[in-house]
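Chains as they are written, first to last, in this note's numbering: chain F, -1 to 430; chain U, -1 to 430.
A virtual CB, placed ideally from N, CA and C, is assigned to each residue, including glycine.
For reference, the structure is listed below as structure tokens.
Number of protein chains: 2
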Amino acid sequence: MYYDEAEKLSRLEIERLQLMRLQRTLRQAAKSPFYGALFRERGVDPEKVTSLADVRRLPFTTKQDLRDSYPDRLLAMPQSEMVRMHVSSGTTGTPTVIYHTKRDLDWWASLMARCMHMVGLRKTDVFQNMSGYGLFTGGLGIHCGAEKLGCLTIPAGAGNSQRQIKLLMDFKVTGIHIIPSYALHLSTVFAGLGIDPRTLPLRIALVGAEPYTEEARRRLEAMYDMKVYNSYGLSEMNGPGVAFECQEQHGMHVWEDAYLAEIVDPQTGEPLPDGELGELVMTSLGREGMPIIRYRTRDLTRFLTGQCPCGRVHRRIDRLQGRCDDMMIVKGVNIFPMQIERILMSMPEVGQDYLIILERDGYIDNIRIKVEIREEYFVEDMRTLAVLQKRIASRLRDEILVTPRVELVEHNSLPKSDGKAARVCDRRGEGA
Amino acid sequence: MYYDEAEKLSRLEIERLQLMRLQRTLRQAAKSPFYGALFRERGVDPEKVTSLADVRRLPFTTKQDLRDSYPDRLLAMPQSEMVRMHVSSGTTGTPTVIYHTKRDLDWWASLMARCMHMVGLRKTDVFQNMSGYGLFTGGLGIHCGAEKLGCLTIPAGAGNSQRQIKLLMDFKVTGIHIIPSYALHLSTVFAGLGIDPRTLPLRIALVGAEPYTEEARRRLEAMYDMKVYNSYGLSEMNGPGVAFECQEQHGMHVWEDAYLAEIVDPQTGEPLPDGELGELVMTSLGREGMPIIRYRTRDLTRFLTGQCPCGRVHRRIDRLQGRCDDMMIVKGVNIFPMQIERILMSMPEVGQDYLIILERDGYIDNIRIKVEIREEYFVEDMRTLAVLQKRIASRLRDEILVTPRVELVEHNSLPKSDGKAARVCDRRGEGA
Ligand SMILES: [Zn+2]
Ligand SMILES: [Zn+2]
């Protein structure tokens, strides 16, 4: 039932293992020029970390730190021990680079194989990887996991839809790795060929790399008659294989034998209680070549509370809720547009668009939300609409802890830029 | 000095090993539907192959056989034992597919690592693979060899020249895999950036996948101040790692512990003596998942005679001389355009273009060759030109064993199609 021993660990065993590996990781990190200097400067002594709670006293590592350390100031071992690097192009000038030793790669492939095994893939499966290869970790990362698990792995790469479909059919592919937008596109190519993708033996899709909604997942599952599982990874923590959904499809288990995960307030860096939305912070616990301590992922999620029915105690994180850089602070409270969107989209009366307006009345911040209502509801009488308005405001207050002013507006009445709705408008800096 | 024991084998040891592995390979191949049926039909009994010479009694396998066996009639083990496939798109409709077990992949990576070690790459090297990844074997094939050897491997993939150059410089890359035309293109990008590639720490380039001349090799070596080594491989025999130049840069050693190579007459299939140009035929000696017996590569080369000064006794093949499908038969003799080109291009008086015309006088075939002469030579007196004409004819006769009629023509006087010279014109079928 389990791929390896680590999946069966109890909470206590996980925490014991984490502490041991955290200590080892800190000692290893201290050998790198970057952490060596940082630890000296901040007075960090790896030997004085004696409990997992001590991790909070360690400094964070940011994307900017990685850029400033380019190309090799984070190496904890001689470069001759490294056998691969992945480079993220990034949107700014300086790339970030992650190095791996042979042992690091084996460990990464094992974690990835464990993810795939968890969702039901076996060595008898034929697995088509539709990810671009090369410097992007989705290609080689998933590929090596699939080979390690023993699947017949087809390194199809990205694009060339006709060939993808030919491979899927000719080799009776049962598992795929695909990005959601491409899966939707591919279904139109199937339609053009007059082939119903539900007739394929395809059972399982691994999906990551792009934010997408639960609704989109269910649509893909129906279109292809397959199960779709969410994957979370980032190149700084290897790539895919960091957190993965089990067959419950309710949150992604973080492999806590390999990563120490925290959720912190993106503003203060203070830890947040389980269930609260915040920034995911990750520490690698198994990497020897280039350990990274308390990496600020800028990704927003929360720990899910309670036990997963699958039996694994590795903590689950929620579907990603966007990036920290989208965060708004209103009346001292952190609010993320995704929180508002999720509530609005769960209400059948609400249409596709909304606009969040931040304003200042004297010294007090206010949040005003214009919400498009579906045509069929807008014809209702004023009283019904007033009730709806109150219900929306109340649901939002429960989520964001601030009461917004809700305005219901007609379908297609909100401004759009580039055909895409503008979601947030901050007017607090505008005049007195 | 050597990467592994197999490099040190004596001729006798190689042949003993080859026979043992050929027998094992035949027994293994017999388990596949394709060879099972073929062996029964042709009365091949693997147990009756008792000497290497017996290989000549085995049937050939052609590209068409692979197409007809699509997708899995060549599998000698259950598909669940396979962990990767590479698919060649080919130019025609049906692709060919090669399957690998985990053991097959390890073996392939070791052969590739041996090639790289032979030309001087070590685990201290930084190696940038500029090959496309995915289904094409040049990506993952070279990549896995480089990782196995322990080089710091950069999976750069194809294209994006500015990034390639940034990686080459930032990571002090010492070894690359690149196709010749791209290496030439990249040098112009370097020039545009005002960077002299000779100032990079680059030492070694592995080059394959495209036919190119010795002159082009020397030009690349000078441009980048690096050594360029030729690589030969084909996906049917895994991909790169089949034959590789040693530091002598004189012919490519075929790894005879892993492959049984023959040179045959492309018309009759009969073996040719060492030194004669013919079709390379390959048998895999180490593949368990999908052995291939006597594969007709359609590639033209010859065995080089004599000992290689490097000390390795694995036989060397010459630089590829084109494809069998270009073969002409004149007066019962097989002639390849590349043979003629090579002689012409070695003579300083000859320009860039030539035209081979095949004609029939009654029942007798004739070969006529129009040769463009460089401008500075064409101004010579008639007697000098007549001497040159005779010298060209004599040199060609020594190579192709037929005396051609040579006509010297002025620079730019030959017909071109699409800007490229038309090389062969067969008029033997025209009229009476
Ligand atoms: Zn679970
Ligand atoms: Zn040699």
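In terms of side-chain proximity, the C-beta atom of F/Cys306 is found no nearer than 6 Å to any non-hydrogen atom of ligand 2.
For F/Ile176, there is no enclosing alpha helix (DSSP H); the residue is part of the beta strand (DSSP E) that begins and ends at 173 to 176. Residue nearest to F/Ser67 within the set F/Arg216, F/Pro93, F/Gln247 is F/Pro93 (criterion: CA-CA distance). The residue among F/Pro289, F/Tyr375, F/Gly349 with its C-alpha nearest the C-alpha of F/Thr99 is F/Pro289.
If the five residues before and after U/Gly173 are omitted, its C-beta is found closer than 6 Å to the C-beta atoms of Leu119, Asp123, Phe125, Ile202, all from its own chain and listed in chain order. Inter-residue distance for F/Glu274 and F/Leu103 is about 33 Å (C-alpha atoms, whole angstroms).
At a cut-off of 7 Å, the C-beta of F/Tyr131 has a neighbouring C-beta in chain U. In the structure shown, F/Thr92 falls within a coil segment according to DSSP collapsed to helix, strand and coil.
Taking a Cβ-Cβ cut-off of 7 Å, the neighbours of F/Thr122 in chain U comprise Ser78, given in sequence order. Taking CB atoms only, F/Met83 has a neighbour in chain U less than 7 Å away. Note that the stretch 304 to 320 of chain F does not touch the stretch 41 to 55 of chain F; fewer than 3 beta-carbon pairs, one per stretch, sit closer than 8 Å. Scanning U/Leu109, U/Met80, U/Arg161 for the CA closest to the CA of F/Gly91 turns up U/Arg161. By the 16-neighbour rule on beta-carbons within 10 angstroms, U/Val95 is buried. Contact annotation: in the stretch 140 to 155 of chain F, residues whose CB is within less than 9 Å of a CB in chain U are His141, Ala144, Glu145, Lys146, Leu147, Gly148, Cys149, Leu150, Thr151, Ile152, Pro153, Ala154, Gly155.
Assignment of beta strand (DSSP E) within the stretch 276 to 303 of chain U, counting only whole runs of 3 or more residues, yields 276 to 282, 293 to 299 in chain order. Contact between the stretch 357 to 368 of chain U and the stretch 397 to 416 of chain U is established, with three or more Cβ pairs separated by less than 8 Å. Taking a C-beta distance under 7 Å as the contact criterion, F/Leu278 and F/Thr299 qualify as a contact pair. Put simply, the CB of U/Asp168 is near chain F, with a gap under 7 Å to one of its CB atoms. Contacts between F/Leu138 and chain U, judged by CB atoms closer than 7 Å, involve Pro153 in chain order.
Within the stretch 39 to 71 of chain F, those residues whose Cβ lies closer than 9 Å to any Cβ of chain U are, in chain order, Tyr68, Pro69, Asp70. Taking a Cβ-Cβ threshold of 8 Å, the residues of chain F close to U/Leu165 are Val85, in chain order. Here the distance from the Cβ of U/Arg310 to the nearest heavy atom of ligand 2 is below 6 Å.
U/Phe334 sits in coil when the DSSP states are folded into three classes, being neither helix nor strand. At a Cβ-Cβ threshold of 7 Å, U/Leu184 and U/Ser159 count as neighbours. Taking 6 Å as the cut-off, the C-beta of U/Cys244 counts as close to a heavy atom of ligand 2. Judged by DSSP in its simplified three-state form, F/Ile354 adopts strand. Counting C-beta atoms within 10 angstroms of its own C-beta, F/Met18 has fewer than 16 neighbours from the protein chains shown and is therefore classed as exposed.
Counting along the chain, the unbroken beta strand (DSSP E) around U/Gln126 starts and ends at 124 to 127.
The three-state secondary structure of U/Leu399, taken from DSSP, is coil.
For the beta strand (DSSP E) assignment, the uninterrupted runs of no fewer than 3 residues enclosed by the stretch 100 to 154 of chain F are, from N- to C-terminal side, 124 to 127, 150 to 152.
Burial is judged here by how many other beta carbons sit within 10 angstroms of a residue's own beta carbon; F/Tyr131 has at least 16 and is buried. Of U/Leu204, U/Phe301, U/Ile333, U/Glu254, the smallest CA-CA separation from U/Gly137 is found for U/Leu204. Exposed is the label assigned to F/Cys423, since fewer than 16 other Cβ atoms lie within 10 Å of its Cβ. The three-state reading of DSSP puts U/Gly427 in coil, since its state is none of H, G, I, E or B.
Buried is the label assigned to F/Met116, since at least 16 other Cβ atoms lie within 10 Å of its Cβ. For U/Phe242, the uninterrupted beta strand (DSSP E) segment begins and ends at 237 to 243.
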